[in-house]
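Protein chains in written order, with the numbering used here: chain A, 5 to 132; chain B, 5 to 247; chain C, 200 to 596.
Each residue gets a CB set at the ideal place from its N, CA and C atoms; glycine is no exception.
Remember, predicted model here, so these are calculated numbers, not experimental data.
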């Protein structure tokens, strides 16, 4: 079944209009996956620079405390939690578990995710 | 049907072979309880005889009249106007996605139908085989040996809604996988496992569940795909131990 | 445009892609014709698609119209064999709700025997055990071999088989003109391909008009007419499969006397009235209300079900005087040579259950007129899987 050029259709993945909850899960999973992959690359690059000695490490810690990096790390944690929990839902479904209630399970897991992210944000920004 | 009358603007996708696609506007007087297909038919009968669209039964058994209405897949013969718009509103009518367009609202279902045949999908089954396992209490009579036409109308709406079918034409698609799952339960034909066990078969699904959301006929393709995965895994594991 | 079919075969153009047209395409192609079928919409987009899908046992006609009753039961048995792939066969019940119904039952039993329909009288209690949702106040019941079929897939099954034998199908092609020779012989058609917005001509040795309720429109293109009276009726679908068997009212044919199960629905039909424009028939609210009432008489639980759909369908009834209900539901073939248009034939009337027989008789008439001696072979031929109608899609690309 033939489609139009794939690049346009790829962008259509991220259009949730006229679609239901499942598409939100699909979109979230992809965006968090892209985010985590990007983070992985950056993390490896940073680790590479750290191999150059204690001065590099101190410079890095200074950078790590700037707001933009703190927000970035929050996003990474959020992405990890969301992607991980949704991934558990998807994995269970693939064994035939929880498929009938996949919408309710998704909502439940996202509430848990929101909770975890809130706890992390508190620790991150407002003390240990 | 009722005495209430609304004024609704229909924006209909038009494209004839070799010509550019565009939308035509038709302002229609409609009864909010009549069906979208009735109005499309009126547009054809009284305003524009060049409009092509697919329809046959008008009562959700043939699966021909699936279209996108305001961006969502609907079986237009059973979709009342009031479900998709209000008085003075707009209705955008487009053909199903992920099928080649023959003209206007007509898409080519050929490849889809042939895949369903490859999945060995029957149209008639016993009451027990025809429904989902968790519906047996409501749908199946313990006495009597009755058969019925199965739920899947082969309307293609699930394929249209599926984001994976959007970017991978080779993906078998929800209806075909659901059909294979049904056929496996009805005939226990293990060769169907081979048909679906590949990167364009049951493993391509990414759990968007839009197929289940748009199905007008209780097929629940999302559930069936996951059930197929479960049974396929069991089958593979049992093969390992029986060597 | 030249027909790209095998040369030296007599060329038949069939106009109309409903049950009759598709069955005729198979019959003629098997008899050695090169068939091209033209339908202005999707196959079954006319009356055929909108049938409530009752595979008649003939019980509905066995009292008033013995010929129709006999045809029905014979074709019922044939279709159950050759088109099994799209038929739900659970049998049917004729139930009496009033004293006059009970009295009608005697004529019914007699008529059924006369037509060769295998019926079985059931005590009301047993009928209720068979179908718990029927009206518990029923007074008499007969079991009949009714069934239900899918209206699109039956046409596709005939078409798929015809295609395998070499017939060519042109859906979305609207026949706009009949090509004539100076002596009046119809020698082909001109049609508009609605996908391309382009006209094509096709030559033929015979043109057969199988457009049912639209038969008069096509014959008008040759300035001849057929006595077809398009007679619409309403049908309503409910969203619960309340019965497994077809439930018929044991009375003379009347509005809303049949309730057909199909997939997860039950369908009630129908009414009968005149309407000028066959292309669009509105659904009338008062007729829907009548259908609700009649359905509830047969199966009271319908009152708690939700209406899933309501639609109109125009039967092709052959006029021979009298009101719409008494028009014969059997069919007729016409050779328009008698009216100055040799080469043009019309097959119309009838009902879905007898489509194969209609095609057989029409093909007989066509062969007779062309002095071709080929018998019908469709009686025992199990139809191809309906999806194979699209088989050429793969080889084409």
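{"Query": "Secondary structure of residue 524(C), DSSP reduced to three states", "Result": "Confidence at residue 524(C) is low in this model, with a pLDDT of 48, below 50, so its placement is unreliable and no value can be given for it."}
{"Query": "Completely contained alpha helix (DSSP H) runs for the segment 468-517 of chain C, where each covers 4 or more residues", "Result": "484-497"}
{"Query": "Sequence-distant residues of the same chain with beta carbon closer than 7 angstroms to residue 33(B), five excluded per side", "Result": "9 and 11"}
{"Query": "Any 3 or more C-beta pairs closer than 8 angstroms across the segment 441-452 of chain C and the segment 541-556 of chain C", "Result": "no"}
{"Query": "Same chain, Cβ closer than 7 angstroms to residue 5(B), five either side skipped, listed in chain order", "Result": "For residue 5(B), the predicted structure reports a pLDDT of 48, less than 50, and the residue's modelled location is therefore unreliable. A value from the coordinates is still provided. Within the same chain, residue 5(B) has close Cβ partners 35, 37 and 38."}
{"Query": "Pairwise C-alpha distance: residue 529(C) and residue 455(C)", "Result": "20 angstroms"}
{"Query": "Same chain only: Cβ atoms within 7 angstroms of residue 524(C), ignoring 5 sequence neighbours per side", "Result": "Summary for residue 524(C): the model assigns pLDDT 48, below 50, so the residue's position carries little reliability; its value from the coordinates is reported in the next sentence. Excluding positions up to five away in sequence, the list reads 452 and 471."}
{"Query": "Beta-carbon contacts of residue 5(A) that lie in its chain and below 6 angstroms, excluding the five residues immediately before and after", "Result": "At residue 5(A), the pLDDT of 44 sits below 50, so the modelled position is not reliable; the number obtained from the coordinates is stated separately. Around residue 5(A): no qualifying Cβ."}
{"Query": "DSSP three-state assignment for residue 295(C), whether helix, strand or coil", "Result": "strand"}
{"Query": "Classification of residue 266(C) by the beta-carbon crowding that lies within 10 angstroms, buried from 16 upward", "Result": "exposed"}
{"Query": "Residue-level contact to chain B via CB, residue 568(C), 8 angstroms cutoff", "Result": "no"}
{"Query": "Distance, residue 122(A) Cα to residue 438(C) Cα", "Result": "46 angstroms"}
{"Query": "Assigned exposure category for residue 46(A) - 16 Cβ within 10 Å defines buried", "Result": "exposed"}
{"Query": "Neighbour-count burial assignment, residue 94(A), 16 or more Cβ in a 10 Å radius", "Result": "buried"}
{"Query": "Chain-ordered residues of the segment 367-397 of chain C with a beta carbon less than 7 angstroms from chain B", "Result": "371, 393, 394, 395 and 396"}
{"Query": "Near the ligand ADP: residue 141(B) beta-carbon under 7 angstroms from a heavy atom", "Result": "As for the ligand ADP, it is missing from this structure, which has no ligand bound."}
{"Query": "Same chain, Cβ closer than 8 angstroms to residue 423(C), five either side skipped, listed in chain order", "Result": "535, 538, 539, 540 and 543"}
{"Query": "Reference residue 150(B), options 436(C), 363(C), 510(C) and 287(C), closest by Cα", "Result": "287(C)"}
{"Query": "Whole-number beta carbon distance between residue 179(B) and residue 225(B), since they are thought to touch under 8 angstroms", "Result": "6 angstroms"}
{"Query": "Cβ neighbour criterion (16 or more within 10 Å) applied to residue 371(C)", "Result": "buried"}
{"Query": "Which of helix, strand or coil DSSP assigns to residue 423(C)", "Result": "coil"}
{"Query": "Residue 106(A): contacting residues in chain B (beta-carbon distance under 7 angstroms)", "Result": "213"}
{"Query": "Beta bridge counterpart(s) of residue 319(C) as assigned by DSSP", "Result": "342(C)"}
{"Query": "First through last residue of the alpha helix (DSSP H) which encompasses residue 198(B)", "Result": "195-200"}
{"Query": "Helix, strand or coil at residue 207(B) [DSSP, three-state]", "Result": "helix"}
{"Query": "Contacts around residue 84(A), its chain only, beta-carbon distance under 7 angstroms, and the 5 residues preceding and following it disregarded", "Result": "40"}
{"Query": "The alpha helix (DSSP H) enclosing residue 566(C), as first and last residue numbers", "Result": "554-568"}
{"Query": "Proximity test, Cβ basis, 8 angstroms: residue 14(A) and chain B", "Result": "yes"}
{"Query": "From 27(A), 119(A) and 74(A), residue whose alpha carbon lies closest to that of residue 129(A)", "Result": "74(A)"}
{"Query": "Between the CA atoms of residue 54(A) and residue 61(A) - distance to the nearest angstrom", "Result": "6 angstroms"}
{"Query": "Cβ neighbours of residue 182(B) in the same chain (closer than 6 angstroms, five flanking residues each side left out)", "Result": "223, 225 and 228"}
{"Query": "Close beta carbons around residue 122(B), own chain, < 7 angstroms, minus the five adjacent residues each side", "Result": "199"}
{"Query": "Contact list for residue 94(A) against chain B, beta-carbon separation under 9 angstroms", "Result": "210 and 211"}
{"Query": "Classification of residue 44(A) by the beta-carbon crowding that lies within 10 angstroms, buried from 16 upward", "Result": "exposed"}
{"Query": "Within 8 angstroms, strictly: CB atoms of residue 30(B) and residue 109(B)", "Result": "no"}
{"Query": "Cutoff 8 angstroms: residue 52(A) Cβ touching any chain B Cβ", "Result": "no"}
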